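> Chains as they are written, first to last, in the working numbering: chain A, 92 to 348; chain B, 92 to 348; chain C, 92 to 348.
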Amino acid sequence: MRLIAAALTSLSLLGASLAHANQAQSTPSATSIDISRVSPALEKYAINTIQEGLWKRPGLTLRDRSIVTVATLIARNQADEMPRHIALALDNGVKPAEISEIITHLAFYSGWGNAMSAVAAGQDVFTQRGIGADQLPAASPQLLPLNEAAEAQRATGVQQNFGQVSPGVVQYTTDLLFKDLWLRPDLIPRDRSLVTVSALIASGQVAQIPYHLNRAMDNGLTKEQASEVLTHIAFYAGWPNVFSALPVAKGVFEGRR
Amino acid sequence: MRLIAAALTSLSLLGASLAHANQAQSTPSATSIDISRVSPALEKYAINTIQEGLWKRPGLTLRDRSIVTVATLIARNQADEMPRHIALALDNGVKPAEISEIITHLAFYSGWGNAMSAVAAGQDVFTQRGIGADQLPAASPQLLPLNEAAEAQRATGVQQNFGQVSPGVVQYTTDLLFKDLWLRPDLIPRDRSLVTVSALIASGQVAQIPYHLNRAMDNGLTKEQASEVLTHIAFYAGWPNVFSALPVAKGVFEGRR
Amino acid sequence: MRLIAAALTSLSLLGASLAHANQAQSTPSATSIDISRVSPALEKYAINTIQEGLWKRPGLTLRDRSIVTVATLIARNQADEMPRHIALALDNGVKPAEISEIITHLAFYSGWGNAMSAVAAGQDVFTQRGIGADQLPAASPQLLPLNEAAEAQRATGVQQNFGQVSPGVVQYTTDLLFKDLWLRPDLIPRDRSLVTVSALIASGQVAQIPYHLNRAMDNGLTKEQASEVLTHIAFYAGWPNVFSALPVAKGVFEGRR
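#1: Take the Cβ of ASN139 of chain C as the centre, count every other Cβ of all protein chains shown within 10 Å, and call the residue buried at 16 or more, exposed below.
#2: Taking the beta carbon of PRO187 of chain B as the centre, do at least 16 other beta carbons fall within 10 Å, making it buried, or is it exposed?
#3: What are the start and end residues of the alpha helix (DSSP H) that includes LYS55 of chain B?
#4: Is the shortest distance between the beta-carbon of VAL261 of chain C and the beta-carbons of chain A less than 8 Å?
#5: Answer with yes or no whether the minimum CB distance from ARG283 of chain B to chain A is below 8 Å.
#6: Could you check whether ARG220 of chain B and LEU272 of chain B sit closer than 8 Å to each other, using their CB atoms as the reference points?
#7: If contacts are defined as beta-carbon pairs under 8 Å, then LEU337 of chain B and VAL256 of chain C qualify, I think. What distance do you get, rounded to the angstrom?
#8: So that I know if they touch, is there some Cβ in chain B lying closer than 8 Å to that of ARG175 of chain A?
#9: Kindly indicate which three-state DSSP category VAL210 of chain C falls into: helix, strand or coil?
#10: Give the DSSP-derived three-state secondary structure of LYS135 of chain A in the structure shown.
#11: Looking at ASN305 of chain B and the ligand GTP, is the gap between the Cβ and the nearest heavy atom below 7 Å?
#12: With distance defined between alpha-carbon atoms, name the residue in A:GLY144, A:GLN142, A:TYR136, A:LEU153 nearest to GLN316 of chain A.
#13: Under 8 Å, Cβ to Cβ, is there at least one residue of chain A near PRO425 of chain C?
#14: If you follow the alpha helix (DSSP H) that GLY259 of chain B is in, where does it begin and where does it stop?
#15: Less than 8 Å between the beta carbons of SER208 of chain A and ALA170 of chain A, yes or no?
#16: Answer with yes or no whether the minimum CB distance from PRO119 of chain C to chain B is below 8 Å.
#17: Shortest alpha-carbon distance to ALA206 of chain A belongs to which of A:ARG275, A:SER231, A:THR163?
#18: Out of curiosity, what's the CA-to-CA distance linking GLN296 of chain C and ASN332 of chain B?
#19: How far does the alpha helix (DSSP H) with PHE326 of chain A in it extend, from its first residue to its last?
#20: Does the contact criterion of 3 or more C-beta pairs under 8 Å hold for the region 250-267 of chain B versus the region 282-294 of chain B?
#21: Could you pull out every residue in the same chain whose Cβ sits closer than 8 Å to the Cβ of VAL339 of chain C, ignoring the five residues on either side in sequence?
#22: Are ILE165 of chain B and LEU197 of chain B closer than 8 Å when you measure CB to CB?
#23: Below 8 Å on C-beta distance, what does LEU321 of chain C contact in chain A?
#24: Going along the chain, which residues of its own chain have a beta-carbon closer than 6 Å to the beta-carbon of LEU321 of chain B, five neighbours each way excluded?
#25: Grouping DSSP H, G and I as helix and E and B as strand, with all else coil, what is SER289 of chain C?
#26: So, at 7 Å on beta carbons, what are the nonlocal neighbours of ARG306 of chain B in its own chain, with the 5 sequence-adjacent residues on each side left out?
#27: Rounded to the nearest angstrom, what separates ALA229 of chain B and VAL343 of chain C at their Cα positions?
#28: Once DSSP output is grouped into helix, strand and coil, what is the label at GLU239 of chain C?
#29: Which of the three DSSP states, helix, strand or coil, is assigned to ILE124 of chain B?
#30: Distance cutoff 8 Å, beta carbons only. Does ARG245 of chain B sit that close to anything in chain A?
#31: Could you name the residues of the region 152-172 of chain A whose beta carbon sits closer than 9 Å to any beta carbon of chain B, in the order they occur along the chain?
#32: Chain C beta carbons: is any one of them nearer than 8 Å to that of VAL129 of chain A?
#33: With distances taken from CA atoms, which of C:ILE158, C:PRO131, C:PRO174, C:THR195 is nearest ILE126 of chain B?
#34: If we count the other Cβ atoms within 10 Å of its Cβ and call it buried at 16 or more, is ARG148 of chain C buried or exposed?
#35: Please list, in chain order, all residues of the same chain as GLY254 of chain B whose beta carbon is under 6 Å from its beta carbon, the five residues on each side excluded.
#36: Can you find the residues in the same chain that come closer than 7 Å, C-beta to C-beta, to LEU145 of chain B, ignoring five residues on each side of it along the sequence?
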């Protein structure tokens with residue numbers, strides 16, 4: 092019984108059993124950590140609270156939970172946990188091209204080094220699963236159409252506020268982020284926003300949440316989903332990051348009524 | 092002389108000599124870094140300022156300093172430094188069950204991935220020292236009694252503020268954290284608070300300090316100890332985190348007079 | 092063509108070709124990551140946007156960009172990226188003694204563990220290049236003269252604000268940082284300020300930016316350089332950290348007019 096419990100909760104199997112409970116898939120990469128040898132309590136929480144509780148709550152699909160988790164890990168540069176959760180994300184229906192875009196997106200929203208850790212993790216998983224270049228987004232694809240009015244409003248605001256402070260930042264923000272990165276077609280805007288908001292909450296970037304949470308909801312993320320994103324991230328980025336985000340999310344929700 | 096200095100300041104021996112100066116113990120795990128080959132100044136600061144200075148200041152016991160240091164490293168996910176300081180904490184009188192509870196506690200206050208890094212580090216140290224399952228807390232022990240009045244007040248405040256924003260977070264905060272995690276008996280509330288406050292300061296979670304520093308002082312942490320926690324963390328999490336915490340601590344201290 | 096592109100953008104060569112374009116030097120250490128196997132887009136951005144764009148902008152010298160990048164990586168504890176960028180910094184004219192001082196400085200501004208990661212990375216690069224103890228700063232050199240008036244003003248302000256909150260922090264800040272670390276001669280105050288400001292922006296320490304950005308400009312950093320530091324760090328620490336710093340930088344710039 093003990094041995095079975097230990098086996099079930101080895102980190103790799105947590106991911107595998109989670110996914111197996113919901114759909115057919117291959118097995119995430121294994122790790123050798125046995126939580127119970129340091130904390131039998133954490134083993135209990137891993138199974139009862141996270142595996143059988145959090146991930147089965149109705150507020151978000153497994154695919155969304157995987158996107159939120161992968162974005163959280165990249166934002167926090169937690170390389171050890173990445174391969175397992177990239178593999179689980181693939182099992183949960185996130186396409187290789189979408190994994191690639193999540194990493195590309197966070198190169199700019201979490202920093203180049205974070206993306207490089209994710210590239211290393213992604214490379215391992217893609218190799219294991221025989222995912223080749225034909226499944227990856229083109230370097231320069233046909234971009235999605237730009238919402239000219241919304242972008243003009245955003246660009247004008249930023250230019251007025253910060254055009255004299257750092258013209259380089261302002262220029263790259265327009266040309267590189269909003270007229271290029273955000274228009275790449277292999278991650279839909281709603282999911283790109285979900286990645287961005289998750290990364291902001293997970294790394295304590297409270298001041299940047301209002302713009303991006305509003306944008307996420309404009310892009311189709313519902314209030315109920317955003318609420319559950321906060322619940323999910325509490326476990327992966329810690330309660331304090333989420334409690335600092337709560338008043339900001341409250342302000343955004345109230346401002347949209 | 093030079094060789095002796097280098098040996099003394101290799102990171103492992105810093106820990107060992109620190110602890111040896113105070114009580115009998117076994118030797119922390121070794122590392123191969125010789126600071127002086129990159130910075131003779133850092134080697135000097137390691138010995139004169141930290142080893143012979145900071146750790147011998149009267150404001151906190153060696154046991155408290157080890158708890159603060161381990162919590163700081165877990166909160167910042169600094170895996171390389173963890174084994175040495177977990178070993179030193181054991182030397183300084185922190186029990187294996189307490190190490191286990193610190194890691195379990197920070198799974199929720201610093202994030203699951205941080206706890207997994209600490210589990211890996213703890214597993215190495217526990218194996219080296221022959222610490223087995225019999226010295227670890229039960230997964231589901233008899234919990235400490237709940238302060239019903241204080242918890243009702245906390246829960247009501249959070250529900251009123253955030254019940255509509257993220258009911259999931261609010262529910263888990265009550266059921267999982269305050270009616271379960273905080274009542275686990277193998278880390279007394281004062282030490283659990285010390286771990287929490289240290290993690291918040293060390294990771295720049297300024298907005299969450301007032302509630303938890305007040306709670307820590309309600310749980311028995313003195314103003315003088317809290318003051319010295321700030322001093323200690325300055326070295327392990329950097330001056331800016333501590334300078335951002337100072338005005339918040341000031342507000343808490345003044346509010347309790 | 093494809094193979095050449097892949098080779099060019101392997102992380103090591105990015106650094107190498109960057110530096111080769113500007114001066115003679117040896118080759119940074121290699122890494123085995125091929126970005127294109129996970130994200131052809133990131134490979135494109137690495138070459139077109141960062142290598143041929145950002146690093147060739149006129150606002151900062153290559154030496155300054157290397158200082159900013161190394162400080163950013165240490166502040167964020169991104170050990171994997173450090174050896175390559177420490178090597179590139181040497182190629183770009185940062186002296187070994189200056190690398191040593193940057194690491195020593197950030198032990199106190201980013202935390203001891205961050206400095207230990209940088210010591211490990213620096214040790215590898217120094218060994219590869221045959222850089223020995225004769226090229227490192229003395230542990231206790233002749234210090235630069237102190238600006239007594241400015242220091243008295245700073246110390247008085249901090250003492251009045253926080254002398255009762257944490258006398259230990261206040262004392263160490265004076266004796267260890269401003270009357271010792273900041274006066275070490277092997278990194279000029281302007282560069283020491285550049286390191287400090289970069290680390291603060293890169294780790295989201297917004298509240299500490301006003302004092303240190305003003306100090307940096309007192310030490311000779313121009314508004315145009317500070318503006319370009321923000322642009323450079325956007326890529327290495329992510330857009331959100333820079334967007335949170337922009338209003339603070341704006342306040343500092345306006346306050347100095």
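Using N, Cα and C, we set each Cβ at its ideal position, and we do this for glycine too.
Predicted, not measured: the structure shown is a model, and the values here were computed from it.
Quick look at the numbers:
#1: exposed
#2: PRO187 of chain B is buried by the Cβ-count criterion.
#3: Residue 55 of chain B cannot be examined here, being either before or after the span of chain B that is shown, 92 to 348.
#4: Taking 8 Å as the threshold, the shortest C-beta distance from VAL261 of chain C to chain A does not fall below it.
#5: no
#6: The beta carbons of LEU272 of chain B and ARG220 of chain B sit no closer together than 8 Å.
#7: 5 Å
#8: no
#9: helix
#10: Three-state result, LYS135 of chain A: helix.
#11: The ligand content of the structure shown is nil, which means the ligand GTP is not present either.
#12: A:LEU153
#13: No answer is possible for residue 425 of chain C: the residues shown for chain C start at 92 and end at 348.
#14: 258-263
#15: yes
#16: In this predicted model, PRO119 of chain C has a pLDDT of only 30, less than 50, meaning its place in the structure is not dependable enough to derive any value.
#17: A:THR163
#18: 7 Å
#19: 314-328
#20: no
#21: VAL297, ILE300, PRO301, LEU304
#22: yes
#23: Ordered by position in chain A, the residues that pass the 8 Å Cβ test against LEU321 of chain C are VAL256, SER257, GLY259, VAL260.
#24: VAL333
#25: helix
#26: SER284
#27: 54 Å
#28: helix
#29: Coil.
#30: no
#31: THR163, LEU164, ARG167, ASN168, GLN169, ASP171, GLU172
#32: Using a CB distance cut-off of 8 Å, VAL129 of chain A does not count as an interface residue toward chain C.
#33: C:THR195
#34: exposed
#35: VAL261
#36: These residues qualify, in order along the chain: HIS323, PHE326.
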